[in-house]
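Sequential numbering of the sequence shown, starting at 1, is according to the UniProt record's numbering. We put the CB at the ideal spot given by N, CA and C, even for glycine. Values in this document were obtained by computation on a predicted structure and should not be read as measured data. Encoded as structure tokens, the structure appears first; notes follow it.
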Amino acid sequence: MNQPSSAVLAERQLVLQVLRSTLQMLAGVVGPHVEIVLHDLDQPERSIIAIANGHVTGRRVGGPVLGGPRQDLGFAAVLRALHDRSGSTPLVLENYPTLAPDGRELRSSTVVFRDSGGQPFASLCSNSDLSGIAAAHACLGQMLGLGSAPEPRGDEPQDMEQLLAQIIQAACPEPGARLTKQHKLEAVRQMQERGLFIVKGGIEKAAAALGVTRYTIYNYLDQIRAQGAEE
């Protein structure tokens with residue numbers, strides 16, 4: 001991959017500076033139940049460069065891009081931008097459901113920013129904790145005899161290598177099982193949805209886990225994108 005020019009790097013730094021100020025401003029008006037996080041996508045292992053209300057997902061500055069909410073559609077937007085550099089307009093995903101690492105329900109929005117060459121380099125995300133609403137719903141349900149809310153899940157590991165291994169393990173069947181192409185394709189789809197392939201080395205780790213080459217993983221990703229375009 002070609003390194004960005006000095007002009008593009010200056011452009012990126014200016015945008016990141018503006019986004020830091022934007023995050024600081026938003027943090028002063030939203031409640032403590034809304035997390036706002038700014039990612040530098042050029043360093044996914046320590047992508048978080050600014051964050052407000054990090055207690056919502058248990059993250060802090062220097063955390064990895066994979067440590068965020070489950071089912072985050074922002075990963076798909078970044079991958080889409082990586083493969084389609086025809087424009088520099090930011091990609092906006094609004095108000096979609098995600099889960100905190102411990103299972104709490106969140107509502108999330110993401111903006112992926114691209115430089116003048118179409119390369120995604122930053123994302124600004126908000127994650128609203130809905131557990132207060134869920135608790136009120138559970139309380140009303142108990143009063144009406146409708147049962148209680150489900151138990152929250154345990155915390156996920158935050159170390160990058162552990163996160164990568166957890167994503168691969170969740171997508172792959174039992175070790176040693178004979179996999180059809182369809183099984184492997186579905187495993188790659190799940191890894192893609194969890195953001196594995198925007199992290200350096202993700203392609204190679206997926207290939208090793210599935211017993212295929214890295215070029216096969218690229219081929220599967222092309223097929224997944226083609227299927228998505230048809231839907």
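Check: Grab me the residues of R20's own chain with a C-beta within less than 8 Å of its C-beta, minus the 5 sequence neighbours each way, in chain order.; Outcome: L38, I49 and A50
Check: State buried or exposed for M160, treating a residue as buried only when at least 16 other CB atoms are found within 10 Å of its CB.; Outcome: buried
Check: Could you please give the first and the last residue of the uninterrupted beta strand (DSSP E) stretch that includes V111?; Outcome: E105 to R114
Check: When DSSP labels each residue in this structure, what does L99 get in the three-state scheme?; Outcome: strand
Check: Tell me L124's beta-bridge partners as DSSP assigns them.; Outcome: L38 and V111
Check: Grab me the residues of M191's own chain with a C-beta within less than 8 Å of its C-beta, minus the 5 sequence neighbours each way, in chain order.; Outcome: I167, I168, A171, F197, G202 and A206
Check: Got a sec? Which residues, its chain only, sit under 6 Å from H183 by beta carbon, not counting five neighbours each side?; Outcome: none
Check: Per the DSSP calculation, A50 is bridged to which residue(s)?; Outcome: L38
Check: Among L210, G195 and Q227, whose alpha-carbon lies nearest the alpha-carbon of T180?; Outcome: L210
Check: Going by the beta-carbon positions, is the gap between F121 and L185 smaller than 9 Å?; Outcome: no
Check: Tell me the DSSP secondary structure of I214 in three-state form.; Outcome: In the sequence on display, residue 214 carries Arg and not Ile. If DSSP states are grouped into helix, strand and coil, R214 belongs with the helices.
Check: Pick out whichever of G74, V212 and Q162 has its Cα sitting closest to the Cα of R178.; Outcome: V212
Check: Decide if N95 is buried, meaning its Cβ has at least 16 other Cβ atoms within 10 Å, or exposed.; Outcome: exposed
Check: Could you say if the segment 102–118 and the segment 73–88 meet the contact criterion of at least three C-beta pairs nearer than 8 Å?; Outcome: yes
Check: What separation, rounded to the nearest whole angstrom, lies between the Cα atoms of R59 and L163?; Outcome: 14 Å
Check: If I measure Cβ to Cβ from R12 and keep anything under 6 Å in the same chain, skipping five residues before and after, which residues do I get?; Outcome: D115 and F121
Check: What residue range is occupied by the uninterrupted alpha helix (DSSP H) comprising R60?; Outcome: Segment: none, R60 is in no alpha helix (DSSP H) and carries neither H nor E.
Check: Helix or strand or just coil, what does DSSP make of L66?; Outcome: helix
Check: Note down, in chain order, each residue of its chain lying with its Cβ closer than 6 Å to the Cβ of R194, except the 5 sequence neighbours on either side.; Outcome: I167
Check: Return the CA-CA distance between N127 and S108, expressed in angstroms with no decimal places.; Outcome: 4 Å
Check: Let me know if residue 242 comes out buried or exposed under the rule of 16 or more other beta-carbons within 10 Å of its beta-carbon.; Outcome: Lying before the first or after the last residue shown, residue 242 is absent from the chain, which here runs from 1 to 231.
Check: Rounded to whole angstroms, what is the Cα-Cα separation between L26 and P32?; Outcome: 11 Å
Check: Can you tell which of D129, L124 and P101 has the C-alpha that lies nearest to the C-alpha of L23?; Outcome: L124
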